[in-house]
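Heads up, the thing below is written out as structure tokens.
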Amino acid sequence: MSPPTQLAAPQATSNRYVPSADAQEPAGHPHGVRATARIRAAHNGRVTTLPQMRSDGPFYLRRMRTDGSAATVGIIGAMSAPLGGDRLTLDITAEDRAELKVITAAATLALRGPTTDAATYDVRLTAGEHAHLRWLPQPLISAAGSNLRQTYTVDLAATARLVLREEQYLGRADEEPGHLVSRILVHRAGRPLLDQRTAYGAPEPGWDGPAVLNGHRAVGQLLVVDPRLDVRRDPVLLGDGTKDGCAVLAPLAGGPALLATAVAPTTSTLRELLDEAYALALAR
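Convert by adding 3 to the 1-based position in the sequence shown; the result is the number in our numbering.
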């Protein structure tokens, strides 16, 4: 298995990612859903509070019961989305010293909808100094005929901690997947840490070949950023790379960060590989 390409990024001039001039973003469909949900977590000196929780469109936000000083927010789907032409955004901020965990109640299902135009699903994650932000959703399922562009844009302070898990299942039972393009853009302390793009399904060339998925249908990544990490070791291979899939856990050059990339035949096997990678990352 060859992991998705990690692109080297130039020196950053600000702490915000600016798309290139030739980048084209889908215009959306006039009847598609436009929705932006927002979560803002702050630390009041004792515990993490949630001064802003704004539900919108298919995103219904609910505070979950937790132990300790951290806050947990669950995202519950209020309608079928994303469909072709939808423009969906989640804007999540953990301010200085806040501890925030965000989960989803169920898998996200990308469907074709009334148009073949691409839907966009943008997740914006921001973590301040000494903040701890965990994004742990259920898998994204790319159904036949769907067309989705998903983007993670992450801004981290120098002392922030992040756990970002991304799981995708390509096609439901006995069907081909739709077209799925996913990009992860991470800046830490105003400098680029990761710029990675993956693309699956027709018309992408060779997406299911032996150099990419080798017939597997579950793919995922786990990014751990933590100033306390020991990342001086070589990459580690998890699994034997056969029918049960495998994962590679490797350090990133731009900071105290580890990235695991995994492929597997099922979502349960994929989760096991990513959980193993996470346990190894914490041990390091």
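For every residue, glycine included, the Cβ atom is placed at its ideal position computed from N, Cα and C.
Predicted model only: the values in this text are computed from it and were never measured.
Note down, in chain order, each residue of its chain lying with its Cβ closer than 8 Å to the Cβ of residue i, except the 5 sequence neighbours on either side.
i, result
"T272", "A221, D247, G248"
"A40", "R57, S58, D59, G60, F62, L64, I78, T92, L93, D94"
"A74", "A44, V50, T51, T52, L53, R66, A101, E102, L103, K104"
"P259", "V228, D229, P230, R231, L232, V234"
"L283", "V239, L241, L252"
Less than 8 Å separating the beta-carbons of residue i and residue j?
i, j, result
"A44", "E132", "no"
"L188", "D198", "yes"
"K104", "L64", "no"
"E170", "R274", "yes"
"L151", "G181", "yes"
"L225", "Y281", "yes"
"V234", "P254", "yes"
"P209", "L173", "The question names Pro, but residue 209 in the sequence shown is Gly. Not a contact, by the Cβ cut-off of 8 Å."
Can you tell me where the beta strand (DSSP E) holding residue i begins and where it ends?
i, result
"S185", "182–191"
"E98", "Careful: E98 lies outside any beta strand (DSSP E) and carries neither H nor E."
"P259", "No beta strand (DSSP E) holds P259; DSSP gives it neither H nor E."
"P213", "Run containing P213: none; DSSP gives neither H nor E here."
"E170", "164–173"
"Q199", "194–203"
"N150", "150–159"
"M56", "51–57"
"G223", "221–228"
"S72", "Where S72 is concerned, there is no enclosing beta strand (DSSP E), given that its DSSP letter is neither H nor E."
"A81", "Counting along the chain, A81 falls outside any beta strand (DSSP E), and DSSP gives it neither H nor E."
"T119", "T119 -> no beta strand (DSSP E), and no H or E assigned at all."
If I measure Cβ to Cβ from residue i and keep anything under 6 Å in the same chain, skipping five residues before and after, which residues do I get?
i, result
"D278", "none"
"E28", "With a pLDDT of only 47 at E28, under the threshold of 50, the placement of this residue in the model should not be trusted; the figure read from the coordinates follows. So the list is empty, once near-sequence residues are dropped."
"L38", "For the sequence presented, residue 38 should be read as Ala rather than Leu. Closer than 6 Å at the Cβ level, and outside the excluded window around A38, lie D59, G60, L91."
"L114", "L86, A146, S149"
"I106", "G77, L139"
"H46", "R100, A101"
"G116", "L86, G87"
"A81", "P61, Y63"
"A202", "V184"
How far does the alpha helix (DSSP H) with residue i in it reach, from first residue to last?
i, result
"E279", "270–286"
So, under 8 Å CB-CB, residue i and residue j are touching, yes? Tell me the CB distance rounded to an integer number of Å.
i, j, result
"V166", "R200", "At roughly 21 Å, the Cβ-Cβ gap does not stay under 8 Å, so V166 and R200 are not in contact."
"A263", "L252", "5 Å"
"L88", "T118", "A quick correction: the sequence has Gly, not Leu, at residue 88. Their Cβ separation, rounded to whole angstroms, is 5 Å, which keeps G88 and T118 in contact under 8 Å."
"A286", "L276", "That belief does not hold up - the Cβ atoms of A286 and L276 are roughly 16 Å apart, past 8 Å."
"R186", "T154", "5 Å"
Leaving out five residues on either side along the sequence, give the residues of the same chain with a beta carbon under 7 Å from the beta carbon of residue i.
i, result
"T269", "A221"
"A130", "A97, L136, L159, A160, A163, L165"
"P238", "V251, L252, A253"
"A24", "Here A24 scores only 36 on pLDDT, less than 50, and its place in the model is too uncertain to base an answer on."
"D211", "G218"
Shorter than 7 Å, the distance from the beta carbon of residue i to the closest heavy atom of the ligand ZN, or not?
i, result
"S185", "The ligand ZN is absent from the structure shown, which contains no ligand whatsoever."
Against chain B, with Cβ distances strictly below 8 Å, would residue i count as a contact?
i, result
"V126", "Among the protein chains of the structure shown there is no chain B, as only one such chain exists."
- Are the segment 123–142 and the segment 80–96 touching, with three or more C-beta to C-beta distances below 8 Å? Cβ pair count under 8 Å is three or more, so yes.
- Query: Taking one C-beta from the segment 230–243 and one from the segment 208–222 each time, how about it: are there three or more such pairs within less than 8 Å?
  - Reply: No, they do not touch.
- Message: Measuring CB atoms only, is the segment 138–156 touching the segment 101–116, in the sense that at least three cross pairs come out at less than 8 Å?
- Response: The way I'd put it, the segment 138–156 does touch the segment 101–116; three or more beta-carbon pairs between them come closer than 8 Å.
- Touching or not, the segment 161–169 and the segment 223–230, by the rule of three or more beta carbon pairs under 8 Å? With three or more CB-CB distances shorter than 8 Å, the segment 161–169 counts as touching the segment 223–230.
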